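Participant: One structure coming up, written as C-alpha cells, with questions to follow.
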Amino acid sequence: MARTSQTTRATAHKVGLKVPETALERVLVILSRYREASIAVVAVVLVVYFQLGSSGAFLSPQELSVVLRDTGRFGLIAVAEVMLMITGEIDLSVGSTFSLAPYVMVLMSIGWGVPLAVSALAGLLLGVLIGVVNGIITVRFRVPSLITTVGTFFLLQGVVVSIYNSQPIVAPVQEPFNEIFGENLLSPADSIWSWHGLTAFTPFLWTVLVVAAMALVLNRTTFGLHTIATGSNIVGAQEIGVRTDRIKVYNFMIAGAFAAAAGVINTTQFASADPLAGGPFLTLQAIAAAVIGGTSLLGGSGTPVGALLGAFVVATLNNGLVMMGAQATVSDIYLGAAIVLAMILNVAVDRMRARRHV
Amino acid sequence: MNHKDIPAVNPNTPVILEMNHINKSFGAVTALVDVSIKLRQGEVLALVGDNGAGKSTLIKILSGFHHPDSGTIIYQGKEVHFGSPRDARAHGIETVYQDLALIDDLSVYHNMFLGREYHKRILGLKLLDNAKMRDLAQTYLNTLGIEIPSVNSTVDLLSGGQRQSIAVARSIYSSPTILVLDEPLAALGVREGAHVLGLIQNLRRQRGVSIILIVHNYNQVFEVCDRINFLHSGEIVLDASTSETSEEELIRIVKSGLGRQAIAAAAAEIGTVTKPDI
C-alpha cells in the first residue's frame, strides 16, 4: 500500500505516483487526462491559420457551413467508430453502408411510393442489420473485425454498384424532410439570423446532438461502462460477468446505424443517391477523425467529443487548403501527416500511463 | 481420489456445497478427472497443488466461467447449473480470480460496482449514480482498512497489493455465501498479506462465509484453513483437515504426486521404515 512512514515522507516523490516536474511532463499529464484538450488546441490553431491565410474568408458563414457539413458527415461516422474502437474492434464497412442505405431508401420511395421518412427508417434498419452481421461474424466465428469488415465493405459496395450499374438516382426529397436533414449551404444572399441560417447547419447540429448523446452513453450508463470494460480487459470483464460479445454486437449495430444515418443525410443534401458517395476514403477519413481525436486503437479508451473535434480538423484541412488555392490532393499530405502525428502522440501518452510516468 | 469424509468445522455443520465427479477437458488437454469436493458452512477449504493441477479450472467451473463436461454441483441442497459468472454471483458465490479481473481504464469505484451498478433516473434516463458508488466504495474501503490514494483514480495507477485488496473488497461487498479466492496473497507484501488473511478470518468468524482458497504458501494454509484438498494432475489425492496433516506431508505429496495411501503403500513395498506422519 506504499504507506509512507515519517522517515520516508521527506523523500515521498521517490515512491508512489510521480509528481510531474518539467513543463513537458505537466503537459503530458494534462493530455493524458483530457484527451480532447490537445486536439482542441490543434483545431483552434488551424482555424487561425486558415483565417489569416484566406484574409478572413474562412470564418464566413458560407465557408463554415461547408466545413461544418463535412464535419457532420465525418463526425457521425467517427463517433460510431470511437465506440467500436473502445471495445477493441473496428468497422471498415461504414463507407459502403453509407452508400447502400440511402440507395435502398430512394429505391423504395421511387419504386414503391413509400414516404421518404419511412424508407429512411428502413435505410437505418438496414444499417443496424449490417452491424448485426458484422458483429456476429466477429464474435461468433472469431474473425478479427478488421478482416470481417473489409469483407463486408467489398460485398456491400458490390451490391450497391450492381443495382443500377453505378448510376446515381435522383432522390425525391420534399419539405420538411429537406429542411430537417438536407439543407446545408448558406448562399451569400442568406442571412445567418434567418430560419435558413439555422437549417443550413442541420447536418452538423444532428451530429453534435449524437456526439452529446454518445458522450452521455459512454460516461454515464452501464452500457458505456461495459463497453470500456470490454476493450480494456476482455477476460476480466467476462469473469465479472460483463456480456462482452453482446456489447460488441450492439456497438457494431450503432456503427451501422450511424453510417446509414450519415448516408441518408448526405443523400438528402444532394437530392441524389450516389453508389460511390461513400467508399474506402470516407471510412478512412472517419477513422482518422477518431484517431486524431485521441481514441486508442488498442481499446479501452476513447472520446466522442474528441471524434467530433477530429472530424472538424479533417474537414478544416480538406476545405481550408483548397480555399487557400492548394490542389485538393495536397490536403491529403497534411491529413496523412496529422494522422501519423496524432498516433505518435497517442501512443506516447499511453506509454507514459502504462509506465506510470504520469 | 481417496475421498474420506473428514469432519471439518464440526461434523454436524451442514454441507453448503458439493461438486461431484467433475470432469473437464479442453480439447486434447484433460484438466479435471472425477474431482469431488465438499464445503461446509463457515469452513475455509484450502485447494493446493502444483501449477497446472486444475485448481483454477475447478473454481472457474464453480464460478460459472467454465462449464463441466460431466458432474454435478449441489449448492444449498439443490443441484445448480451456472450458465455464466452472473448466475453464480446471483446465487451468492463470489470469486476473486488470479488475474484479479480489474479493468485498468476504469476508476476504483467503477471496478467495485462493475456488473452491479447503481442507477438514478434523470429525465427518465437510467444513468449511473456515480456519486453514490463513489461514496459507498470510499466508506467500504475505509471499513476494511484498505488505503488507496483515491477511489477516483484508475486502477492501473495502483500497486499490486492495492489492486489485490480492491479485488478482494469487491468480492466481499455483496456478503457472499461462498467466497472463492484464487491466490489472494500472491502479489502481497507481508503487511498486506496479513491484512487480507485477517479479512478472510473475520468473514468466516463474523459472517459465517464459507471460503475456498487457492494458496501456494503452506504456512498460510495452516494459519487460516480448516481443511485441505490436494489436487494433482486433475485429481484429488488428499482430503484432510489441517490438524491431521502437516507441511511435510504436503511437500512429500508435491514431490511424489501420490496420495497419502499411495505413498504409504509405496513405502511399505520398498520396505523402508518410514513412519506414517500425522
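So the protein sequences, as listed, match chains C and V. FYI, this note's numbering numbers position 101 of the first sequence as 101, with every residue one higher than the one before it. Going from the second sequence to this note's numbering is simple: count from 1 and add 1000. All C-beta atoms, glycine included, are put in the ideal place defined by N, C-alpha and C. Source: prediction; values computed, not measured.
#1: So L282/C packs on G95/C, CB below 8 Å; how close in whole Å?
#2: Using a Cβ-Cβ cutoff of less than 7 Å, which residues in the same chain neighbour T11/C once the five nearest sequence positions on both sides are dropped?
#3: Does the Cβ of I254/C have 16 or more other Cβ atoms within 10 Å, making it buried, or fewer, making it exposed?
#4: For T8/C, decide whether its Cβ has a neighbour in chain V, counting only Cβ atoms nearer than 8 Å.
#5: So within the stretch 281 to 332 of chain C, which uninterrupted alpha helix (DSSP H) runs reach at least 4 residues, ignoring any that extend past its ends?
#6: Thinking V1108/V and I1166/V are a contact (beta carbons under 8 Å), I'd like their distance in whole angstroms, please.
#7: Residues of chain V with CB under 7 Å from A37/C, in chain order?
#8: Nearest chain V C-beta to V347/C closer than 8 Å, yes or no?
#9: Judging by CA-CA distance, which residue of G135/C, T148/C, A273/C and L218/C is the nearest neighbour of I163/C?
#10: Would you mind listing the alpha helix (DSSP H) stretches within the stretch 23 to 101 of chain C that are 4+ residues and don't spill past its ends, in chain order?
#11: Going by other Cβ atoms of all chains shown within 10 Å of its Cβ, with 16 needed for buried, is P1068/V buried or exposed?
#12: Got a sec: which bits of the stretch 1051 to 1083 of chain V sit with their beta carbon under 9 Å from any beta carbon on chain C, in order along the chain?
#13: Measure the C-alpha to C-alpha separation of F252/C and Y49/C and round it to an integer number of angstroms.
#14: May I ask you to list the residues that DSSP assigns as paired with I169/C?
#15: Tell me the DSSP secondary structure of Y1075/V in three-state form.
#16: Going along chain C, which residues have a C-beta under 7 Å from Y1097/V?
#17: Using beta carbons (cut-off 8 Å, strictly below), is A12/C in contact with chain V?
#18: Among P1085/V, S1150/V, Y1140/V and K1038/V, which has the Cα closest to the Cα of T1013/V?
#19: Indicate whether at least one CB of chain C lies closer than 8 Å to the CB of P1176/V.
#20: Beta carbons nearer than 7 Å to chain C: which residues of the stretch 1108 to 1120 of chain V have them?
#21: In three-state terms, what does DSSP make of T1030/V?
#22: Go ahead and pull the three-state DSSP assignment for G1116/V.
#23: DSSP three-state call for R351/C: helix, strand or coil?
#24: Looking at the secondary structure, which residues open and close the beta strand (DSSP E) in which L116/C lies?
#25: Grab me the residues of V161/C's own chain with a C-beta within less than 6 Å of its C-beta, minus the 5 sequence neighbours each way, in chain order.
#26: Closest by CA to L155/C, which one among I247/C, G279/C and A290/C?
#27: Can you give me the Cβ contacts of V1033/V inside the same chain, cut-off strictly under 7 Å, excluding the 5 residues immediately before and after it?
#28: Just grab the DSSP bridge partners of K1126/V for me.
#29: CA-CA distance, G310/C and F1222/V?
Facilitator: Reading it off the structure:
#1: 4 Å
#2: The predicted position of T11/C is uncertain, since its pLDDT is 38 and thus under 50; a value taken from the coordinates is nonetheless stated next. Once the five neighbours on either side are set aside, T11/C has no close Cβ partner at all.
#3: buried
#4: Confidence at T8/C is low in this model, with a pLDDT of 37, below 50, so the placement of that residue should be treated as unreliable; the coordinate-derived value is given next. Output row for T8/C: interface = no.
#5: 304 to 323
#6: 6 Å
#7: Within 7 Å Cβ-Cβ: nothing; A37/C doesn't reach chain V, min ~18 Å.
#8: no
#9: A273/C
#10: 23 to 33, 35 to 53 and 61 to 86
#11: buried
#12: K1060, S1063, G1064 and F1065
#13: 37 Å
#14: A273/C
#15: strand
#16: E239
#17: The predicted model places A12/C with a pLDDT of 39, which falls under 50 and marks its position as unreliable; any figure quoted below should be read in that light. Not one chain V Cβ lies under 8 Å of A12/C.
#18: K1038/V
#19: no
#20: H1110, L1114, G1115 and E1117
#21: strand
#22: The question names Gly, yet the displayed sequence has Arg at residue 1116/V. Residue state, collapsed to three classes: coil.
#23: helix
#24: No beta strand (DSSP E) holds L116/C; the alpha helix (DSSP H) holding it covers L116 to R140.
#25: P275
#26: G279/C
#27: N1023, G1234 and E1235
#28: R1121/V
#29: 59 Å
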